[in-house]
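Here the sequence shown stands for residues 1 to 284, where the numbers follow UniProt numbering.
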Amino acid sequence: MAVSQGVLGELLAELRAESAEVERLVVDLPPAAWAAPTPAAGWTVAHQIAHLAWTDERALLAATDAEAFRRETEAYAARPEAADFVDDGAEAGARLPHGESLERWRAGREALQGALAGLAPGVRLPWYGTSMSAASMATARLMETWVHGTDVADALGLVREPTARLRHIVRLGVRARDFAYLVHGLEPPAEAFRVETTGPGGELWTHGPEEAAQRVTGGAVDFCRLVTQRVHRDDTDLRAEGAEAERWLSIAQAFAGPPGKGRAPSRGRQPEVSSGRMLREGEA
């Protein structure tokens with residue numbers, strides 16, 4: 001389905017705002033704080049920012065030179081340690097001086113946003129295991145910025161104020177329902193689900209037919225944390241009606257790749273969290 005330039009412009013503005021908010025978390029940090037461990041196993045605050053910079057640069061390449069992106073991806077896949085290339089990108093970036101890393105992310109994301117805004121309607125960008133529209137890429141970048149910004153805030157003992165930008169992540173998580181089933185080797189349900197989430201201002205964001213038997217309701221923050229596997233199902237306020245809705249919440253993920261490890265309940269030990277998976281928007 002084609003997306004209007006007005007919708008794309010709104011998404012890019014939301015991405016810009018999300019990026020600026022995450023940047024404010026780190027721009028004045030002392031050097032020692034950049035080394036603070038985050039919930040992603042083996043990743044510090046410096047790794048999180050380096051990862052955002054690295055993925056923005058890969059997205060920029062996909063938007064400006066699709067063939068070069070495909071060649072790079074094929075070269076990664078041919079390596080014996082192919083699964084480590086995302087972590088390698090974060091590790092290399094984390095070794096840069098912190099000011100340089102921050103400037104790299106800033107310049108890369110601005111260039112990407114300009115490139116996405118300039119794409120002709122209908123153009124699809126190659127990505128890791130899929131292709132997507134400019135609007136899908138903008139949504140995916142917003143989601144990943146929010147996720148890694150959440151990891152940074154958790155590492156620093158901060159609580160981010162939720163915004164209406166979460167509605168884009170809710171939509172992405174809903175659209176990734178079938179993907180979550182497939183990566184677990186399960187047949188996606190034929191029936192549509194109803195998802196009702198409450199935004200930070202009390203607004204209700206709904207997806208799916210109102211009469212659906214399988215239903216999920218609850219707070220948008222918890223839903224977004226769950227589908228990005230930043231919280232355990234038991235630590236959310238989400239309510240499921242129907243066995244399939246409950247099963248979906250136990251496997252939900254909105255990122256590409258194999259099933260994630262997720263998080264343990266808060267009363268238990270936190271397991272290692274997959275740090276470098278690409279987060280993606282569904283087809284748009």
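Even glycine gets a Cβ: it sits at the ideal position worked out from N, Cα and C.
Quick caveat: nothing in here was measured; it's all calculated off a predicted structure.
- Scanning Q48, Q214, G114 and L15 for the CA closest to the CA of D88 turns up Q48.
- In this structure, S19 keeps its C-beta atom at 7 Å or more from the C-beta atom of R104.
- Residue ranges of uninterrupted beta strand (DSSP E) with 3 or more members, entirely inside the segment 85-162 and ordered along the chain, are 124-127 and 130-133.
- Between L142 and L15, the C-beta spacing is below 7 Å.
- Around the beta carbon of L102, a 10 Å sphere encloses 16 or more other beta carbons of the protein chains shown; the residue is thus reported as buried.
- Closest by C-alpha distance to T44, out of A134, V7, C224 and A94, is A94.
- Look at T197 here: in three-state DSSP terms it is strand.
- Taking 7 Å as the cut-off, the Cβ atoms of A50 and A90 count as close.
- Closest by C-alpha distance to P200, out of H184, T163, M132 and P126, is T163.
- Beta-bridge annotation (DSSP): W205 is paired with T197.
- About 5 Å separates the Cβ atoms of L112 and D56, confirming a contact at the 8 Å cut-off.
- Straight across, the Cα-Cα distance linking V183 with R177 is about 10 Å.
- Within the DSSP bridge table, the entry for P189 names no partner.
- Apart from sequence neighbours up to five positions away, the residues of its chain that approach L238 with a beta-carbon distance below 8 Å are V216, T217, G218, G219, D222, F223, L226 and L249, ordered along the chain.
- Beta-bridge pairing by DSSP links T44 to P37.
- Per DSSP, the unbroken alpha helix (DSSP H) holding E10 starts and ends at Q5 to V26.
- Two segments are said to touch when three or more pairs of C-beta atoms, one from each, lie closer than 8 Å; by this definition the segment 185-204 touches the segment 166-173.
- Of the candidates R58, S136 and I251, the residue whose Cα lies closest to the Cα of V7 is S136.
- With a contact defined as Cβ atoms closer than 8 Å, A68 and A180 miss out at about 31 Å.
- The C-beta separation of G173 from A254 comes to about 4 Å, placing the pair in contact by the 8 Å criterion.
- Counting every other CB atom within 10 Å of its CB across the protein chains shown gives R171 a total of 16 or more, marking it as buried.
- Counting along the chain, A240 sits inside no alpha helix (DSSP H); it lies in the beta strand (DSSP E) bounded by residues R239 to E241.
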